[in-house]
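Participant:
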Amino acid sequence: MTGGCKDLVSEFSYTLNHHRSTLHFKAPLATFTAQALQRLVERKGSDKRISAPLDCSQSALFTKRQPLDSLKKKLRVAFGGSKSQDLNDWVIEELINTAEAHKRGARVAPLIGFGYSRCRLGLMDDFIIITGLLSGYTDGLKWVSANPKQVETLIASAFELLHSLHQQGICHMDLWAANVMVPDELPAPAQAIDLENCFCRPTAFLSETLGFQFGFFYSREIYRFITEARYDELVDAALADYPGIDRERFTPCYQLSKHQHIGRKDRRTVFLSGQLKAG
883 MTGGCKDLVS EFSYTLNHHR STLHFKAPLA TFTAQALQRL VERKGSDKRI
933 SAPLDCSQSA LFTKRQPLDS LKKKLRVAFG GSKSQDLNDW VIEELINTAE
983 AHKRGARVAP LIGFGYSRCR LGLMDDFIII TGLLSGYTDG LKWVSANPKQ
1033 VETLIASAFE LLHSLHQQGI CHMDLWAANV MVPDELPAPA QAIDLENCFC
1083 RPTAFLSETL GFQFGFFYSR EIYRFITEAR YDELVDAALA DYPGIDRERF
1133 TPCYQLSKHQ HIGRKDRRTV FLSGQLKAG
């Protein structure tokens, strides 16, 4: 595994071993939680991704099980190789970013545990991440679909969350409505999920990065609920929280991201170099 994962293995020193699976935790588990996790790793059809609450209401945990569907991926995850410069496999990125964001006090689900299953030959078959379940929250897309007239409430909550993450040194490059968890009891603050495409450090290109982030939030479904002109007004007001933003560098990235698909790797490029292209 990567250096970041090895550090987490030391920190999460309690292990649960079952059916060629190893799961790491900070402390021993309650019996009902351990039994539910054993059922999870026993489940057939491990070639399919699982992203769901653990089948144990007493545990209040959320599980992600990601198949490692190629030999290269299995070897990279097992031995610490990277897909490319500055990028691990997405499941490893999510593990490391979730752990770091929670340590910093960012509003994300806490990392509870992680691990993997192996095939008979000893290679990793899949990787598992276990977080706290955000009970009492609804993902923003479901929330706004049920409350379309309150779209500006969602936008305000998402923009506040975005700013809070930046203050913690967390730059979430996949923050769209469904990755913003809205509390059932407003005006409590929102939480972020799905941190695989994140950076846990500041960028030298904040103007361009914010241009992407604000434009991307609009392009992923929010455009269905609000006019572009009104959204532009809300973004303009939100930028007051970011003194020193260069509008000449912000605006091209913002306009492009509102109307063009930006791939996951291209989003990282804008953070790293300030360059943004559709694709």
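Each residue of the sequence shown is one higher than the one before, counting from 883 in my numbering.
All C-beta atoms, glycine included, are put in the ideal place defined by N, C-alpha and C.
None of these values were measured; they are calculated from a predicted model.
Which of helix, strand or coil does DSSP assign to residue 938?
Facilitator: coil
Participant: Considering just the uninterrupted stretch of the beta strand (DSSP E) at residue 1141, what are its terminal residues?
Facilitator: First-last for residue 1141: 1129–1141, but that is the alpha helix (DSSP H), not the beta strand (DSSP E).
Participant: According to DSSP, is residue 894 part of a helix, a strand, or is it coil?
Facilitator: coil
Participant: Are residue 1058 and residue 1099 close, meaning C-beta to C-beta below 8 Å?
Facilitator: yes
Participant: Which residue from 917, 1125, 1131, 954 puts its Cα closest to that of residue 940?
Facilitator: 917
Participant: Over the uninterrupted alpha helix (DSSP H) stretch that includes residue 876, give me the two end residues.
Facilitator: This structure does not reach residue 876, given that the chain is present from 883 up to 1161, and the question cannot be answered.
Participant: Would you tell me roughly how many angstroms separate the C-alpha atoms of residue 982 and residue 1017, rounded to the nearest one?
Facilitator: 22 Å
Participant: Under the rule that 16 or more other beta-carbon atoms within 10 Å means buried, what is residue 953, buried or exposed?
Facilitator: Residue 953 should be labelled exposed.
Participant: Would you say the stretch 932–946 touches the stretch 1004–1020, given that touching needs at least three Cβ pairs under 8 Å?
Facilitator: yes
Participant: Compute the distance between the beta-carbons of residue 906 and residue 891, then report whether it is under 8 Å.
Facilitator: Yes, these two residues count as a Cβ contact at 8 Å.
Participant: In or out: residue 931 buried (at least 16 other Cβ within 10 Å) or exposed?
Facilitator: exposed
Participant: Helix, strand or coil, according to DSSP, for residue 951 in the structure here?
Facilitator: coil
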